[in-house]
Amino acid sequence: MIDFSNGSVFKLSAIHPQEIGPAVAPLMIQNEQIVACFKAMRDFVVFTNKRLIAVNVQGMTGKKRDFTSLPYSKVQAFSIETAGTFDLDAELDLWFSGLGKVRLEFKGNADIRQLGQMIATYVL
Numbered sequence: 001m002i003d004f005s006n007g008s009v010f011k012l013s014a015i016h017p018q019e020i021g022p023a024v025a026p027l028m029i030q031n032e033q034i035v036a037c038f039k040a041m042r043d044f045v046v047f048t049n050k051r052l053i054a055v056n057v058q059g060m061t062g063k064k065r066d067f068t069s070l071p072y073s074k075v076q077a078f079s080i081e082t083a084g085t086f087d088l089d090a091e092l093d094l095w096f097s098g099l100g101k102v103r104l105e106f107k108g109n110a111d112i113r114q115l116g117q118m119i120a121t122y123v124l
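According to full-length UniProt numbering, numbering within the sequence shown proceeds without interruption in unit steps and concludes at 124.
Here is the structure:
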């Protein structure tokens with residue numbers, strides 16, 4: 001599992017789905033659509049209308065990748081923390097049944113409120 005928290009140097013930044021969509025397209029099911037994509041240095045996360053896909057790019061060449069699928073149907077609770085004046089990053093915490101808490105940290109310019117609203121749409 002990707003650890004995008006706890007002092008991570010690289011925060012997630014929004015990117016266009018066309019940049020990483022082809023990497024997750026083979027994993028997607030019928031009627032599943034990409035909603036938002038975020039990337040750190042090499043690792044990235046993709047929010048679809050059904051789940052969160054976390055991709056951990058491994059090795060020197062980056063050809064080895066770990067894909068972790070986290071379905072919204074297993075989310076028991078979630079929280080968002082907006083960026084502040086001195087704390088410039090935003091955070092999304094998701095609590096998954098049987099897994100526990102997953103934290104994603106975003107650069108302050110990420111629209112965390114919109115992301116929270118999107119999660120609420122699929123979870124509630």
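Note that beta-carbon positions come from the ideal geometry of N, C-alpha and C, so glycine has one too.
Would you mind reading off the limits of the alpha helix (DSSP H) that contains residue i?
{"i": "L115", "result": "112-123"}
Can you name the residues that DSSP bridges to residue i?
{"i": "P26", "result": "Bridge partners of P26: none, in fact."}
{"i": "N56", "result": "D66"}
{"i": "L92", "result": "I80, L104"}
{"i": "I15", "result": "C37"}
{"i": "R51", "result": "P71"}
Is residue i buried or exposed, if buried means 16 or more other CB atoms sit within 10 Å of its CB?
{"i": "E105", "result": "buried"}
{"i": "I20", "result": "buried"}
{"i": "R51", "result": "buried"}
{"i": "T121", "result": "exposed"}
Do residue j and residue i have their beta-carbon atoms positioned less than 7 angstroms apart in this structure?
{"i": "V35", "j": "M118", "result": "yes"}
{"i": "L92", "j": "I80", "result": "yes"}
{"i": "I112", "j": "T68", "result": "no"}
{"i": "Q30", "j": "N49", "result": "no"}
Tell me where the beta strand (DSSP E) around residue i begins and ends.
{"i": "D66", "result": "64-71"}
{"i": "G100", "result": "100-107"}
{"i": "A36", "result": "34-39"}
Could you check how far apart the C-beta atoms of residue i and residue j are, in whole angstroms? I think they sit under 8 angstroms.
{"i": "D66", "j": "Q58", "result": "6 angstroms"}
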